[in-house]
Amino acid sequence: MTGSEGNDLAERLARLEERVARLEGSDRASRAHVVGTQKGTEESEDDPGEVFWALRALKERVGDAVLFTGSVTLPDGEHYEWQQGHTSSELVADDWSQAADALSALAHPVRLMLLREILCGAHGTAELAADERLGTTGQLYHHLRQLVAAGWLRTTARGRYAVPGERVVPILTILAATRR
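Count the sequence shown with my numbering and you get residues 135 to 314, in order.
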């Protein structure tokens, strides 16, 4: 190997190492949104100042609170932006049993599939009924009624459904919260 080949190899190796470091850093950043601390534990070595930028801003503005927010463009091109926040004392003091109906409406695989299909652009019952995974027509209407009653869907016209704009980010937030 000549000197120039050795220099070229060293340069290529340095570029590869730099690229791997950037990729590992972006992987760490992509996981950062699930990093947390527990009651008074020390912050991690991964520069939590950057990881918790939203949390820092929330604490500066509101203090002790829970906030979810999102900017979402769906496959059909619809765009939604949403933010909702509550103080933790307000949430803890609430009657949690009142959330049972809304949560139980989501706690069925067919209803979750329905919501996903509607979010992706299938709005008519004919379109939805064509998907065998969603069951018979009677089952389909049963699930649609449950989702409408809980406020996760609304009827836009006869036999047509949509997820209300103010429910898009909350649904995605609930699904994100179930990830491990």
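Backbone N, C-alpha and C define an ideal beta-carbon position, used for all residues, glycine too.
Subject >> Residue-chain proximity (residue 306, chain B), Cβ-Cβ < 8 Å >> reply: Protein chain content of the structure displayed is limited to a single chain, and chain B is not contained in it.
Original post:
For residue 208, does the three-state DSSP call read helix, strand or coil?
Top reply: Assignment of residue 208 by DSSP, reduced to helix, strand and coil, places it in the coil class.
**OP:** Could you spell out the range, first to last residue, of the alpha helix (DSSP H) harbouring residue 276?
**Re:** DSSP places residue 276 in the uninterrupted alpha helix (DSSP H) bounded by 271 to 283.
Original post:
Cβ of residue 280 within 8 Å of Cβ of residue 234?
Top reply: No, these two residues do not count as a Cβ contact at 8 Å.
Original post:
What residue does the beta strand (DSSP E) around residue 216 start on, and which one ends it?
Top reply: It spans 213 to 221 - the beta strand (DSSP E) in which residue 216 sits, taken as one unbroken run.
Original post:
Does the count of Cβ pairs from the stretch 295 to 309 and the stretch 246 to 257 closer than 8 Å reach three?
Top reply: Touching, per the Cβ criterion.
**OP:** To the nearest angstrom, report how far apart residue 206 and residue 213 are at their CA atoms.
**Re:** About 6 Å.
**OP:** List the endpoints of the continuous alpha helix (DSSP H) containing residue 263.
**Re:** Taken as a continuous stretch (DSSP letters only), the alpha helix (DSSP H) holding residue 263 covers 259 to 263.
Subject >> Cβ-based burial, residue 198 [other Cβ within 10 Å; buried from 16] >> reply: Of the residues assessed, residue 198 falls on the exposed side of the cut-off, its CB having fewer than 16 other CB atoms within 10 angstroms.
**OP:** Could you check what DSSP says for residue 199 in three-state terms: helix, strand or coil?
**Re:** The three-state reading of DSSP puts residue 199 in strand, counting E and B together.
Original post:
Run through DSSP, which three-state label would residue 191 get?
Top reply: Looking at residue 191 - three-state DSSP - the assignment turns out to be helix.
Subject >> Helix, strand or coil at residue 318 according to DSSP, with G and I counted as helix >> reply: Nothing about residue 318 can be read from this structure; the chain reaches only from 135 to 314.
Subject >> residue 294 - DSSP class collapsed to helix/strand/coil >> reply: Residue 294: strand per DSSP, three-state reduction.
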